Amino acid sequence: MSETPVPHDHGGPVLDRDGPVWHGVLPGLGRIQIDADGALDVSAAHASEEDETALRHGWGDLLAFAHRGFSMAQGAAVTQGGRPDGSPGPALLLTGDAHDIADVVLVLCARGWRLLSDRPTPVAWQDDTLVAQPRPAPLVVATQRATGAGLAGQPVRAGSNAVAVAVPRAAEPAPVAAIVQVQRRRPDEEPFAEVLGQRRFERAATLMLHGALAPDHGAGDAGAESGEAMVAEHVRLAALPSALVRLDGPADEAAVDLLVAWWTAAGGSP
Amino acid sequence: MDSGRWFAVTSTPGPGRTVWLASYPKSGNTWVRAIVTALGTHPQMFGVDHLISGAQPHHVSMALGAYGIDPRWLSSDELDRLRAALALRLGAQRAGDEAAPPILRKTHEAYRAGAPGREPFPLEATRAAILVVRDPRDVACSAAPFFGITHDEAIAAMARPAGDLESNPARSQTAQPWGTWSTHAESWLDDSVPFPVHLVRYEDLVADAAATLLPVFTAIGLTCSPDQLRQAVERSRFERLQESEAEHGFRGTHPRTRQFFRRGIDGSWRDELTDAQASAIEADHRAVMHRLGYAPGPDLVTPLDLPAHLGIRVREGELPDALPGSTSPRPWIQATPTAALVRFRGRAGLLVEHGTDVTVDRGTRGADEVGWMVQGWAVTLAMLQRGLLSLHASTVEIGDTVVAIAGGRGAGKSTTAMGLRDRGHRLLCDDVTVIDLRPDGAWTTPYWRNVHLLEDSALAVGVDFDELPPLGRGRVKAAFRPEDPPDEPRRLDRIVVLTPSAAGGSVAATAETGAARLAALLDHTIRDGIAPLILGQERYFAQVAQLADVVPVTTVSRPGDGWTLDAVLDAIEAIEAGT
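Chains as they are written, first to last, in our numbering: chain Z, 1 to 270; chain S, 1001 to 1579.
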C-alpha cells in the first residue's frame, strides 16, 4: 500500500504523524493527539464515554506506542505467569486472524494464563530479546464467541457484535519466547505443526505492522525503515521458536493441549 | 452473449486505478486471479498460495497499517466510511498515475452505490470492473462441496438474499451482500453502474482463456502480449492449480473444504444434479440465465406439474401390469369408467384414476419426455372420467371470441395457434381443449402447458428451434412454453377444423352444418376410441351432438404441400371478422 496521502478530501480518517506532535481525526467519532512526550489525548465528537474509549483503545493507544518507538506485532501476547524468582514469565505471541487468536486466548485464560496485550502487541528489542508490552485494551471478541465461552461481554459500540470481555491480565513487560500462528483447520490438516526453515522466515517477515504504526525513531523519521534493518529484524524474529495451531472450532481444547505441550517443551513454561 | 462485452452506461474508464474483479462465489474469480498473478510472477515463484488481488474491500483490517486504527472498535457506519476511505487511498489515481497498471481487487459482493462517503465501490477509486459469471447449475455443484452443504442447500442459498453477510465489526468486516445468483449479476450489469463492467463467462475461459481475457485486459490497461497471456494461462491451467494446491495448500477455502480446485469444467451439473435440481435452478434464475447466454431452455412447465385449478394430483410411481375389468380399445390402453392405464414406448406409462389422481412411470424416458404424457394424455383421461369432452384442439382467443383449432395429428394445430399468437392473439391451450357443456354453451378451461413444435413450425412462428429442448429421441419436436393463460373457463365460440387436402389448391373455409358438423367433431373428440369407452357410448354421442348444436364449426382446408401459414391465419381471422 502506498503511503502517499490521497490528494482530495474523501471524508475518511486523517493522520498526521509528521513532527513531534501527532494528530488524528476520524470524522464522526473524534480526534486524537499524541504529544511529544507520548501522552495521549482523545476528544470524542459527541460527548460519549463509549466513543472516547473506542478512540483510545482502537486508535490512540496504538499510535502512542508507535510514537514511543515500539513496533506493533500483529498478534496478541499471553503469559503463563511469573518465574519463581519474581521475574516476568515469557510471553507467547499468537498471530493470525484476531477472531482466531481470541479463541486460543480464551482457552488459555481459562487455564490460568494471562493476557498481556490483545492484537496488536507493542514490542521492542532489548539486546537480542523481543519484549512484549502490556496494553490495557480489553480482549475484543465476537458476541457469539463470548456467549459460547460463558462470558458476559460488553459491546464496544452500540449495535456492534464486537464485545470486550474481562480476562486475567498481565501487567509487566515479558520476553517473547515463541510465536504461534492460529488458523482454522481444513479437512485433512493436522491440528499442530512446528514451523521451521524458510516458512519461519516468511512468517517473521510479515509479523510487524508498518505504515501508520511503524515505530517512530526520532526527529525526521516518518516511519520509514531501511530494508537492511528490516531484514536484520526478520532474521532475529525467525530465530524464535515458531509453530502453527489449527483450530477445529472455537474451543478446540485438544489443539491447545498440543500447543501447550510444545510450549512447555520449548522452555516457555515459567 | 459474448465475454468481453462491456455494460453500464459508459465505456469510458473511471478515474481511479481499481478494477473490481467481481463474481458470485464459485464462478472462476480465483482462476482469473491466478492468471493475473502468473502474468506478473516468475514461473518458479508462482503458486496458488501467493495469488494477488485477494484483499476484498469488505475486509478493513488494513486500516491498522493505513491509519493505525483497529476497526473492531468502530461502529458499522464508521466501518462503511473507513471502507470507502481505504478504497480511495488504494485506488484513487494520483498525478502521474495515468498510465499505471490497474489494481485488481476481488469481491463477491453485489454492486450498490452506497450513501455519500460510504460508497462500497467509489467511482474515484475505480477504473472498471470485470464480472465473471458461470452457469448457476455449475455454481451449485461447486458451492456444495466448498461450503460443506448439500446440492439442495446450495441451490436454496443461491436463490435467497438472506445469505447476505451483515456488518461484522468483530472481524473487521463491513457488510458484504452477495444477493442471489441473479441479483448479483444484475447489480453489476445495471445501467446505473458508473464505470464499465466487462463480462467474462467462465465457460468462455474454459474454451479459450487467453482469447477471452486479452481484450478485457487491454481495456483495463493490463498490458500484455498474446504470447505472455497464453503462457500465463498455461501456468494457471486447472491441473497445475490442483497440483499447487496439493503441494502448498490453499487457504482461500472455506473451513469445510477439502479441495478448492475441484473439477474446473463447465457442464458438470449434467452428471451431478438431478433433473429436479436443475429445474429448480432454472426456475429461480431463468431470466438472468437467458441474459447471460446460459439458455436453460424455455420456461417449460415442469413435466409432472399441472395447474392447481385442474384439480389433478400427479405423482411418480410404479404402475400395475393390468387394470382389472378393463377394456382395451387400443393395445396400449386399458380403461374402465373410473381408471385408465396407458403404456408408451420406453416402458413409460400413466395410470389415471377417478378424474383426479395420476401416477406416472417414466420408464427409461427422461424428465423432458414425460411432460406431454401428463399435460396431454393425463388431462384428457381425467376430464373424460369427470364426464367432460376432450377436443383434440388448440384454443386461441381472437379479440373477444374463443376459437378452438382442431385437427388430426400433423394438421398444424399448434403451428396455427402459435401463428395466431404471433399476430397478437392469446393462446389459451395447446393440443387439448377440455369441453364442459353447460346450458349456456360449451365452456373450456384454459391451462398452461408446453407447446410442441416441429422445426419448420418453430421457424414459421419466429421461435428458435435450436434453443428449445428436444422432445423424445431424434429431435423431431421441441417444447416451448408460451405465456400463462387465465385460469377462468371461457365460452367456446367456434371450432375450426384444419384439414390438409391431398390435392393442391388454395386455403378455403367452409361452414359445416348438420351431419358434416357432427362428423367433424366426432373425429376430434373420440380420442382413439377412449372417449366413448370412459363416458359410455350414449353419453359420448349425446355430448358431441350437443356440442355440434351450440358451437359453429368451420373447416379450413389447406393444400397438403406448399401451404403458407399466413394464408391459414388470414382465413381464420377473416372468419372471426365476419368477412
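Quick reminder that beta carbons are idealized off the backbone N, C-alpha and C, glycines included.
Predicted model only: the values in this text are computed from it and were never measured.
Tell me the rounded alpha-carbon separation between residue i and residue j.
{"i": "Leu94(Z)", "j": "Gly75(Z)", "result": "5 Å"}
{"i": "Lys1106(S)", "j": "Arg1089(S)", "result": "17 Å"}
{"i": "Ala66(Z)", "j": "Asp97(Z)", "result": "21 Å"}
{"i": "Arg1475(S)", "j": "Ser1457(S)", "result": "Residue confidence is low: Arg1475(S) scores 46 on pLDDT, short of 50, so the model does not pin down where it sits. No coordinate-derived value is stated."}
{"i": "His23(Z)", "j": "Ala47(Z)", "result": "19 Å"}
{"i": "Ala1322(S)", "j": "Ala1144(S)", "result": "44 Å"}
{"i": "Leu1454(S)", "j": "Asp1271(S)", "result": "28 Å"}
{"i": "Glu1488(S)", "j": "Asp1431(S)", "result": "18 Å"}
{"i": "Pro1226(S)", "j": "Leu1214(S)", "result": "7 Å"}
{"i": "Val1402(S)", "j": "Val1133(S)", "result": "45 Å"}
{"i": "Ala1276(S)", "j": "Ser1414(S)", "result": "27 Å"}
{"i": "Arg1343(S)", "j": "Thr1395(S)", "result": "27 Å"}
{"i": "Ala1232(S)", "j": "Val1216(S)", "result": "15 Å"}
{"i": "Gly223(Z)", "j": "Arg145(Z)", "result": "Note that Gly223(Z) has pLDDT 46, beneath the 50 cutoff, so the model's placement of it is unreliable and the number below is only indicative. Answer to the nearest angstrom: the Cα atoms are 36 Å apart."}
{"i": "Leu1165(S)", "j": "Leu1420(S)", "result": "49 Å"}
{"i": "Thr1510(S)", "j": "Leu1428(S)", "result": "24 Å"}
{"i": "Ala1515(S)", "j": "Arg1386(S)", "result": "27 Å"}
{"i": "Thr1126(S)", "j": "Ile1103(S)", "result": "9 Å"}
{"i": "Asp1436(S)", "j": "His1151(S)", "result": "44 Å"}
{"i": "Glu1573(S)", "j": "Asp1190(S)", "result": "42 Å"}
{"i": "Arg119(Z)", "j": "Arg1083(S)", "result": "20 Å"}
{"i": "Ala266(Z)", "j": "Val105(Z)", "result": "19 Å"}
{"i": "Val995(S)", "j": "Leu1341(S)", "result": "This structure does not reach residue 995(S), given that chain S is present from 1001 up to 1579, and the question cannot be answered."}
{"i": "Arg236(Z)", "j": "Leu209(Z)", "result": "16 Å"}
{"i": "Ala274(Z)", "j": "Glu194(Z)", "result": "No answer is possible for residue 274(Z): the residues shown for chain Z start at 1 and end at 270."}
{"i": "Leu63(Z)", "j": "Ser226(Z)", "result": "20 Å"}
Taking residue i as the reference, give the member of the options with the closest Cα.
{"i": "Ile1155(S)", "options": "Gly1028(S), His1285(S), Pro1307(S) and Gly1114(S)", "result": "His1285(S)"}
{"i": "Asp257(Z)", "options": "Leu26(Z), Ala44(Z) and Arg111(Z)", "result": "Arg111(Z)"}
{"i": "Pro175(Z)", "options": "Gly268(Z), Gly19(Z) and Asp37(Z)", "result": "Gly268(Z)"}
{"i": "Gly1311(S)", "options": "Glu1318(S), Val1342(S), Ser1326(S) and Gly1355(S)", "result": "Gly1355(S)"}
{"i": "Glu1124(S)", "options": "Trp1020(S), Thr1030(S) and Gly1529(S)", "result": "Trp1020(S)"}
{"i": "Asp1570(S)", "options": "Leu1428(S), Thr1513(S) and Asp1422(S)", "result": "Asp1422(S)"}
{"i": "Asp1363(S)", "options": "Ala1348(S), Ser1027(S), Glu1078(S) and Leu1492(S)", "result": "First, the residue type needs correcting, since residue 1363(S) is Gly and not Asp in the sequence shown. Residue Ala1348(S) is the option with its Cα nearest to Gly1363(S)."}
{"i": "Pro187(Z)", "options": "Phe1146(S), Glu1203(S) and Glu1153(S)", "result": "Phe1146(S)"}
{"i": "Gln1546(S)", "options": "His1524(S), Leu1518(S), Asp1528(S) and Pro1122(S)", "result": "Leu1518(S)"}
{"i": "Gly197(Z)", "options": "Ala265(Z), Ser226(Z), Ser242(Z) and Ala162(Z)", "result": "Ser242(Z)"}
{"i": "Trp1178(S)", "options": "Ala1278(S), Ala1159(S) and Arg1171(S)", "result": "Ala1159(S)"}
{"i": "Leu1388(S)", "options": "Gln1228(S), Gly1536(S), Leu1131(S) and Asp1266(S)", "result": "Gly1536(S)"}
{"i": "Thr1525(S)", "options": "Leu1381(S), Leu1199(S) and Pro1169(S)", "result": "Leu1381(S)"}
{"i": "Leu207(Z)", "options": "Arg184(Z), Ala255(Z), Arg157(Z) and Ile179(Z)", "result": "Ile179(Z)"}
{"i": "Leu244(Z)", "options": "His210(Z), Ala162(Z), Val260(Z) and Gly150(Z)", "result": "Val260(Z)"}
{"i": "Arg1171(S)", "options": "Val1032(S), Asp1361(S), Ala1063(S) and Asp1493(S)", "result": "Ala1063(S)"}
Short of 6 Å in beta carbon distance, which residues of its chain neighbour residue i, apart from the five on each side in sequence? Order them along the chain.
{"i": "Ser1557(S)", "result": "Thr1499, Ser1501 and Ala1508"}
{"i": "Glu172(Z)", "result": "Pro88"}
{"i": "Ala238(Z)", "result": "Arg200, Phe201 and Ala204"}
{"i": "Gln1375(S)", "result": "Arg1449"}
{"i": "Leu1522(S)", "result": "Val1544"}
{"i": "Ile1495(S)", "result": "Ala1404, Ala1406, Val1551 and Val1553"}
{"i": "Gln1056(S)", "result": "Lys1106 and Thr1107"}
{"i": "Ala132(Z)", "result": "Ala77, Ala91, Leu116, Thr121, Val123, Ala174 and Val176"}
{"i": "Tyr1111(S)", "result": "Ser1187, Trp1188 and Val1193"}
{"i": "Ser1023(S)", "result": "Asn1029 and Val1132"}
{"i": "Gly1317(S)", "result": "Thr1359"}
Contact defined as beta carbons within less than 8 Å: I believe residue i pairs with residue j. What is the distance between those atoms, to the nearest angstrom?
{"i": "Phe192(Z)", "j": "Ala124(Z)", "result": "So it is not a contact: roughly 29 Å between Cβ atoms."}
{"i": "His1452(S)", "j": "Trp1372(S)", "result": "6 Å"}
{"i": "Ala91(Z)", "j": "Ala77(Z)", "result": "4 Å"}
{"i": "Ile32(Z)", "j": "Trp59(Z)", "result": "6 Å"}
{"i": "Gly1014(S)", "j": "Ala1128(S)", "result": "6 Å"}
{"i": "Pro1196(S)", "j": "Ser1027(S)", "result": "About 19 Å; that fails the 8 Å criterion."}
What residues in its chain sit with their C-beta under 8 Å from that of residue i, if we drop five residues either side in the sequence?
{"i": "Glu190(Z)", "result": "Arg246"}
{"i": "Glu253(Z)", "result": "Val107"}
{"i": "Ala1548(S)", "result": "Arg1517, Leu1518 and Leu1521"}
Which residues in the same chain as residue i place their Cβ atom closer than 7 Å to its Cβ, once the five residues preceding and following it in sequence are excluded?
{"i": "Arg185(Z)", "result": "Pro191, Arg246, Leu247 and Asp248"}
Run the proximity test for residue i: is its beta-carbon closer than 7 Å to any non-hydrogen atom belonging to the ligand FMN?
{"i": "Gly69(Z)", "result": "Inclusion of the ligand FMN in the displayed structure is not the case, the ligand content being empty and no account of it being possible."}
Jot down the residue ranges of each uninterrupted beta strand (DSSP E) in the stretch 223 to 262 of chain Z, minimum 3 residues, whole runs only, in chain order. 242 to 247
Within the stretch 1417 to 1457 of chain S, note down every full beta strand (DSSP E) run reaching 3 residues or more, in order along the chain. 1426 to 1429, 1432 to 1438, 1441 to 1444 and 1451 to 1454
As an exercise, report each continuous alpha helix (DSSP H) stretch of at least 4 residues that is fully enclosed by the stretch 1011 to 1090 of chain S, in chain order. 1029 to 1039 and 1063 to 1067
Which runs of the alpha helix (DSSP H) at least 4 residues long sit entirely within the stretch 1343 to 1407 of chain S? Give them in chain order. 1379 to 1385
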